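Peer 1:
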Amino acid sequence: MDLYNRKIIVWSLNDTMSAENTILSDWRMATRNRNKEQGLIFHSDRGCQYANTKFANVLN
13 MDLYNRKIIV
23 WSLNDTMSAE
33 NTILSDWRMA
43 TRNRNKEQGL
53 IFHSDRGCQY
63 ANTKFANVLN
């Protein structure tokens with residue numbers, strides 16, 4: 013959700029909790045058509061998939 017205008021950017025549902033099937037594909041969908049501006053803040057619910065090394069590398 014974009015916290016500025018409360019618009020839902022990506023919504024998905026999956027039957028596994030793997031990072032590849034959840035946050036990595038969701039991040040790609042969310043950023044595909046949007047500019048990733050300097051200073052972007054990413055909020056999460058602190059689930060285990062957010063601590064995944066692959067996702068950390070994507071954010072960096």
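Our numbering numbers the first residue of the sequence shown as 13 and each following residue consecutively. Here a beta-carbon is modelled for each residue, glycine too, at the ideal position from N, C-alpha and C. Bear in mind the structure is a predicted one, so any value in this text is a computation, not a measurement.
Per DSSP, Lys-19 forms a beta bridge with which residues?
Peer 2: Position 7 of the sequence shown, counting from 1, holds the residue named residue 19. The partner list for Lys-19 (beta bridge, DSSP) reads Asp-14.
Peer 1: Cα-Cα, which of Met-13, Asp-14 and Glu-32 is closest to Ala-63?
Peer 2: Taking the first residue of the sequence shown as position 1, residue 63 is located at position 51. Ranking Met-13, Asp-14 and Glu-32 by Cα distance to Ala-63 puts Glu-32 first.
Peer 1: What separation, rounded to the nearest whole angstrom, lies between the Cα atoms of Val-70 and Arg-18?
Peer 2: Locating residue 70 in the sequence shown gives position 58, where the first residue counts as 1. Locating residue 18 in the sequence shown gives position 6, where the first residue counts as 1. Each residue's alpha carbon lies about 24 Å from the other.
Peer 1: Nearest CA to the CA of Trp-23: which residue from Ala-42, Ser-56, Tyr-16 and His-55?
Peer 2: By one-based count along the sequence shown, residue 23 stands at place 11. Among Ala-42, Ser-56, Tyr-16 and His-55, the Cα nearest to that of Trp-23 is on Ala-42.
Peer 1: What first and last residue would you give for the alpha helix (DSSP H) that runs through Asp-38?
Peer 2: The sequence position of residue 38 within the sequence shown is 26, counting from 1. Its alpha helix (DSSP H) spans residues 35-44.
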